[in-house]
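Protein chains in written order, with the numbering used here: chain A, 13 to 411; chain B, 13 to 411.
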């Protein structure tokens with residue numbers, strides 16, 4: 013029974029830390045998610061050591077709960093997003109997604125090569141600069157009730173594009189490492205698969221639901237619309253990993269499909285308790301993955317500062333340029349919205365460590381950069397959105 | 013990313029199986045939980061093999077999700093239970109709990125000794141006959157909207173007593189196995205700890221909430237009453253494992269405490285989506301733990317029939333005798349309500365296997381007995397409750 017105690021303790025402590033951290037942050041006028049990530053840092057190896065790296069490694073119960081948390085989060089963001097709204101911002105979103113990948117990848121490669129990495133390793137390091145963590149931005153936008161703003165639609169659309177490109181880029185740099193050479197035909201196939209998946213599910217799914225969602229109420233189960241869309245969410249999350257995309261893309265599509273049903277409002281309300289229980293695991297565990305001790309030298313801190321600055325500035329430039337057609341103020345919001353790297357940077361850093369491309373220090377720095385961008389962005393974004401709101405410039409996607 | 017695919021596939025398949033099995037059972041006028049357990053059996057090693065025993069072993073993500081599911085289930089049952097109602101049935105519940113442990117333990121020991129086990133091993137086998145799975149009965153009562161009936165209060169109260177006694181009994185039989193001999197002083201201490209925990213938390217917690225629950229709304233988090241009681245639920249679940257009780261006892265207490273707040277109705281509504289997502293994992297995974305192949309011989313089936321018959325009859329007699337003061341009809345409902353063994357029998361069987369007391373066949377038989385009692389009872393209980401309802405004999409605890 014001892015094992016049951018251990019796991020229940022970790023569940024309790026993660027959940028409690030999330031609530032305390034979130035509350036403290038909100039009292040300090042910061043987004044709650046910043047407090048949750050910081051709380052994770054506090055109970056992790058950096059300070060209290062109540063949550064060890066082994067407990068949050070890939071495939072552990074806590075890691076799976078975190079994954080379910082972010083899947084549900086993107087599902088609920090999808091629930092607040094209509095396909096037609098995304099279509100309206102389609103061109104801008106593609107531009108933001110593409111530039112938001114190319115600029116950080118270019119600047120990251122140059123920095124890594126300048127720091128002494130060979131070109132093939134530099135490209136791997138640069139890949140960790142690329143992928144936006146849609147989860148963190150989405151949560152901030154949700155907390156601020158800003159999901160209906162046009163900038164939010166652009167950010168969400170761009171995050172999907174971003175994920176496709178990041179996946180391709182990772183495919184390229186990994187194949188360069190393994191010495192197998194570059195296979196453009198294979199990459200085109202992967203690209204076609206991912207785009208095809210998104211198009212078929214996004215377009216077909218919304219059609220079906222718009223045509224008739226009465227069948228969701230046919231089962232005898234009183235929670236039937238909810239459980240059917242949750243099954244859809246888990247199913248699409250799984251399918252999207254099969255075509256090489258992040259699970260959250262499938263979850264977002266499932267939410268977007270469900271947003272076309274006439275039960276959308278009820279579903280949104282029922283999703284709230286699920287988010288309240290499970291998303292804290294994602295944010296706290298994201299924070300607990302960093303060990304501040306590994307950065308306790310002036311050289312490491314300096315490198316971290318440089319890496320973080322490049323990560324922020326490059327993404328900001330890419331997103332800003334891409335969204336310039338919306339006006340400078342909106343472009344700035346979109347640019348900052350794309351900055352958080354979060355878990356995706358951590359995943360790429362882990363791959364790099366496993367492949368022997370990164371040493372422990374550069375691994376710690378890339379993880380720390382991912383988390384720093386995730387912690388710095390939310391307050392900035394909140395401030396920008398509040399200011400945009402006050403200035404009366406509140407462009408609505410569905411105006 | 014391959015690992016993420018695997019775990020997402022298992023989440024999806026477990027959840028989907030639960031919905032299909034539950035729906036099918038309800039269409040056949042059976043409780044949904046029977047269909048969920050059967051669906052687990054189907055996707056487990058018995059038939060399809062999509063969920064392997066290694067995937068649901070203690071401490072795996074699926075096992076932890078199942079644990080969270082049953083913890084939330086008992087929490088929500090607690091939310092519908094007032095301490096005062098339990099007090100009213102206190103004496104009957106204690107009698108049902110005590111007799112519901114003694115009769116199966118006695119009959120189980122006699123059968124095991126008669127089947128050739130030494131006395132000390134017989135007591136271990138008999139311990140697997142003892143513990144009622146409150147989760148399964150509670151779910152059936154909840155599905156039928158019968159949680160406010162007096163029989164339900166007796167069953168829930170008795171399940172708490174049952175768990176205390178089962179824990180003590182397990183302590184005795186394990187110490188007998190390890191050859192350390194019997195230490196009554198230690199057991200008394202354990203007993204005092206468990207009763208003290210329940211009394212202090214149950215009595216003190218409800219007092220605090222009755223006195224004032226306005227502080228639950230003080231945090232800035234819009235979900236604050238919910239997240240605070242969820243933290244309480246996880247915290248008490250953990251604490252109850254520390255004093256040697258099942259996690260679900262703590263969760264039940266947390267729910268009972270929260271039922272005293274003025275936010276009780278909102279909390280009940282918010283708990284529904286949580287149950288819809290997570291309890292299916294408990295029932296499907298309970299079902300997936302059995303491998304029907306191990307029972308594919310006439311001798312094994314005969315032994316299984318004997319063990320299951322003893323398990324059902326002995327619990328029924330114990331519960332029936334204990335609840336006789338409520339009248340025969342109610343006593344029968346209480347007796348059947350105590351029959352399911354579910355996960356507790358599985359846990360004891362695992363301990364027996366690890367301790368070398370059981371061989372693989374007796375292990376499989378005890379697991380199968382636990383699950384059979386869990387599958388046989390719900391339809392019977394549903395039928396009895398419907399009949400009692402139709403007969404106009406609907407004793408209400410809070411009439």
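No residue lacks a Cβ here, since even glycine has one placed at the ideal position from N, Cα and C.
- Have a look at A:53, A:36 and A:86 and flag the residue whose alpha-carbon is nearest the alpha-carbon of residue 290 of chain A. Here residue 290 of chain A corresponds to residue number 278 of the first chain, with the count starting at 1. With distances taken between Cα atoms, residue 290 of chain A lies closest to A:86.
- Pull up the distance between the alpha-carbon of residue 311 of chain A and that of residue 241 of chain A, whole angstroms please. As a first step, residue 311 of chain A is located in the first chain; it is residue number 299 there, counting from the start. As a first step, residue 241 of chain A is located in the first chain; it is residue number 229 there, counting from the start. For residue 311 of chain A and residue 241 of chain A, the distance between alpha carbons rounds to 50 Å.
- Task: Would you verify that the beta carbon of residue 62 of chain A is, or is not, closer than 7 Å to some beta carbon of chain B?
- Result: Counted from its first residue, the first chain places residue 62 of chain A at position 50. So no, residue 62 of chain A is outside the interface.
- In the structure shown, what three-state DSSP assignment does residue 353 of chain B receive? Here residue 353 of chain B corresponds to residue number 341 of the second chain, with the count starting at 1. In the structure shown, residue 353 of chain B falls within a coil segment according to DSSP collapsed to helix, strand and coil.
- Query: In chain A, which residues lie less than 9 Å from residue 233 of chain B when you measure between Cβ atoms?
  - Reply: Numbered from its first residue, the second chain carries residue 233 of chain B at position 221. 31, 34, 35, 38, 44 and 288, listed in chain order.
- Can you say whether residue 25 of chain B is buried or exposed, counting buried as having 16 or more other CB atoms within 10 angstroms of its CB? One-based indexing of the second chain puts residue 25 of chain B at position 13. Of the other Cβ atoms in all chains shown, 16 or more fall within 10 Å of the Cβ of residue 25 of chain B; this residue is therefore buried.
- Query: Using a Cβ-Cβ distance under 7 Å, would residue 253 of chain A count as near chain B?
  - Reply: For the purposes of this step, residue 253 of chain A is taken as residue 241 along the first chain, with counting starting at 1. Yes, residue 253 of chain A counts as interfacial toward chain B.
- Limits of the alpha helix (DSSP H) - the one that residue 367 of chain A falls within: On the first chain, residue 367 of chain A is found 355 positions in, with the first residue counted as 1. First-last for residue 367 of chain A: undefined, no H or E at that position.
- Query: Secondary structure at residue 406 of chain B, three-state DSSP: helix, strand or coil?
  - Reply: Counted from its first residue, the second chain places residue 406 of chain B at position 394. Its pLDDT being 47, under 50, residue 406 of chain B is placed unreliably by the model, and nothing is read from it.
- Query: Interface residues of chain B around residue 280 of chain A at Cβ under 7 Å?
  - Reply: Looking up residue 280 of chain A in the first chain gives position 268. Neighbours of residue 280 of chain A in chain B, taken as residues at a C-beta separation under 7 Å, are lacking, since the least C-beta distance is about 11 Å.
- Query: Given a threshold of 16 other Cβ atoms within 10 Å of its Cβ, counted over all protein chains shown, does residue 273 of chain A qualify as buried or as exposed?
  - Reply: Sequence index remark: in the first chain, residue 273 of chain A carries index 261 (1-based). Residue 273 of chain A is buried by the Cβ-count criterion.
- Task: Go through its chain and collect everything with a Cβ distance to residue 107 of chain A's Cβ below 7 Å, but skip five positions before and after it.
- Result: Position 95 of the first chain, counted from the start, is the residue given in the question as residue 107 of chain A. Here the set comprises 334.
- Query: By Cβ distance, which residues of its chain are closer than 8 Å to residue 42 of chain B, with the 5 residues on each side in sequence left out?
  - Reply: Taking the second chain and counting its residues from 1, one reaches residue 42 of chain B at position 30. The beta carbon of residue 42 of chain B sits closer than 8 Å to the beta carbons of 390, 391 and 394 from its chain, once the five residues preceding and following it are set aside; these are given in chain order.
- Item | Any alpha helix (DSSP H) of 4 or more consecutive residues that is wholly inside the stretch 175-241 of chain B | Entirely contained in the stretch 175-241 of chain B, the alpha helix (DSSP H) runs reaching 4 residues are, in chain order, 196-211 and 217-223.
- For residue 94 of chain A, name the three-state secondary structure that DSSP assigns. Here the question's residue 94 of chain A lines up with position 82 in the first chain. Residue state, collapsed to three classes: coil.
- Query: Does the distance from the CB of residue 76 of chain B to the CB of residue 116 of chain A come in under 7 Å?
  - Reply: As a position in the second chain, residue 76 of chain B is number 64, starting the count at 1. As a position in the first chain, residue 116 of chain A is number 104, starting the count at 1. Their beta carbons are not under 7 Å apart, which means residue 76 of chain B does not touch residue 116 of chain A by this criterion.
- Under 7 Å Cβ-Cβ, which residues of chain A neighbour residue 110 of chain B? Locating residue 110 of chain B in the second chain gives position 98, counting from the first residue. The premise fails here: residue 110 of chain B is roughly 23 Å from chain A at the closest Cβ pair, so nothing lies under 7 Å.
- Query: Using a C-beta to C-beta distance shorter than 8 Å, which residues of chain B count as neighbours of residue 24 of chain A?
  - Reply: Against the first chain, residue 24 of chain A aligns to sequence position 12. Against residue 24 of chain A, the close residues of chain B are 243, 246, 247, 249 and 250, in the order they occur along the chain (beta-carbon pairs closer than 8 Å).
- Query: Which word fits residue 57 of chain A, buried or exposed, when buried means at least 16 other C-beta atoms lie within 10 angstroms of its C-beta?
  - Reply: Residue 57 of chain A sits at position 45 when you count from the first residue of the first chain. Residue 57 of chain A is buried by the Cβ-count criterion.
- Out of curiosity, what's the CA-to-CA distance linking residue 136 of chain A and residue 332 of chain A? Your numbering for residue 136 of chain A matches position 124 in the first chain. Your numbering for residue 332 of chain A matches position 320 in the first chain. If I take the Cα positions, the gap works out to 25 Å.
- Item | Three-state class that DSSP yields for residue 274 of chain A in the structure shown | Reading the first chain from its first residue, position 262 is the one you call residue 274 of chain A. Residue 274 of chain A falls in the coil class under three-state DSSP.
- Task: State yes or no: is the beta carbon of residue 142 of chain A nearer than 7 Å to at least one beta carbon in chain B?
- Result: Counting from one through the first chain, the residue named residue 142 of chain A turns up at place 130. No Cβ of chain B is located within less than 7 Å of the beta carbon of residue 142 of chain A.
- Item | Beta-carbon proximity list for residue 202 of chain B, same chain, < 7 Å, skipping 5 on both sides | Taking the second chain and counting its residues from 1, the one referred to as residue 202 of chain B is at position 190. Cβ contact annotation for residue 202 of chain B (same chain, cutoff 7 Å, sequence separation greater than five): 180, 183 and 256, in chain order.
- Task: Taking only runs that begin and end inside the stretch 101-182 of chain A, name each unbroken alpha helix (DSSP H) of 4 or more residues, in chain order.
- Result: Inside the stretch 101-182 of chain A, DSSP marks whole alpha helix (DSSP H) runs of 4 or more residues at positions 102-126, 131-139 and 146-155, from first to last along the chain.
- Inter-residue spacing [alpha-carbon to alpha-carbon] between residue 217 of chain B and residue 269 of chain B: Position 205 of the second chain, counted from the first residue, corresponds to residue 217 of chain B. Position 257 of the second chain, counted from the first residue, corresponds to residue 269 of chain B. Each residue's CA atom was taken as its position, placing residue 217 of chain B and residue 269 of chain B some 6 Å apart.
- Can you give the Cα-Cα distance for residue 337 of chain B and residue 237 of chain B, rounded to whole angstroms? Here residue 337 of chain B is taken as the residue at index 325 of the second chain, counted from 1. Here residue 237 of chain B is taken as the residue at index 225 of the second chain, counted from 1. Straight across, the Cα-Cα distance linking residue 337 of chain B with residue 237 of chain B is about 39 Å.
- For my contact list, residue 101 of chain A and residue 47 of chain A are in at a C-beta cut-off of 8 Å; report their separation, rounded to the angstrom. Position 89 of the first chain, counted from the start, is the residue given in the question as residue 101 of chain A. Position 35 of the first chain, counted from the start, is the residue given in the question as residue 47 of chain A. Rounded, the Cβ-Cβ distance is 31 Å, inconsistent with contact.
- Assuming residue 361 of chain A and residue 375 of chain A make a contact with CB atoms under 8 Å, what is their CB distance in whole Å? Residue mapping note: residue 361 of chain A aligns to position 349 of the first chain, counting from 1. Residue mapping note: residue 375 of chain A aligns to position 363 of the first chain, counting from 1. So it is a contact: roughly 5 Å between Cβ atoms.
- Task: Give me the Cα-Cα distance between residue 167 of chain B and residue 265 of chain B, rounded to the nearest whole angstrom.
- Result: Sequence index remark: in the second chain, residue 167 of chain B carries index 155 (1-based). Sequence index remark: in the second chain, residue 265 of chain B carries index 253 (1-based). A straight-line Cα-Cα distance of about 15 Å links residue 167 of chain B and residue 265 of chain B.
- Message: Any C-beta of chain B within less than 8 Å: which residues of the stretch 154-187 of chain A qualify?
- Response: Under the 8 Å Cβ criterion, the stretch 154-187 of chain A contributes no residue.
- Determine, using beta carbons only, whether residue 239 of chain B comes closer than 7 Å to chain A. Here residue 239 of chain B corresponds to residue number 227 of the second chain, with the count starting at 1. True, the Cβ-Cβ gap to chain A drops below 7 Å.
- Message: Helix, strand or coil for residue 50 of chain A? Go by DSSP, reduced to three states.
- Response: As a working note, residue 50 of chain A is residue 38 in the first chain. Under the three-state reduction of DSSP, residue 50 of chain A is assigned to helix.
- Query: So is the beta-carbon of residue 325 of chain A under 6 Å away from any non-hydrogen atom of the ligand PLP?
  - Reply: You won't find the ligand PLP in this model; it holds no ligand whatsoever.
- Query: Tell me which same chain residues have a C-beta within less than 6 Å of the C-beta of residue 258 of chain A, skipping the five on either side of it?
  - Reply: Residue mapping note: residue 258 of chain A aligns to position 246 of the first chain, counting from 1. Within the same chain, residue 258 of chain A has close Cβ partners 175.
- Can a CB atom of chain B be found closer than 7 Å to the CB of residue 76 of chain A? In the first chain, counting from the first residue as 1, residue 76 of chain A sits at position 64. Yes - at least one Cβ of chain B is within 7 Å of the one on residue 76 of chain A.
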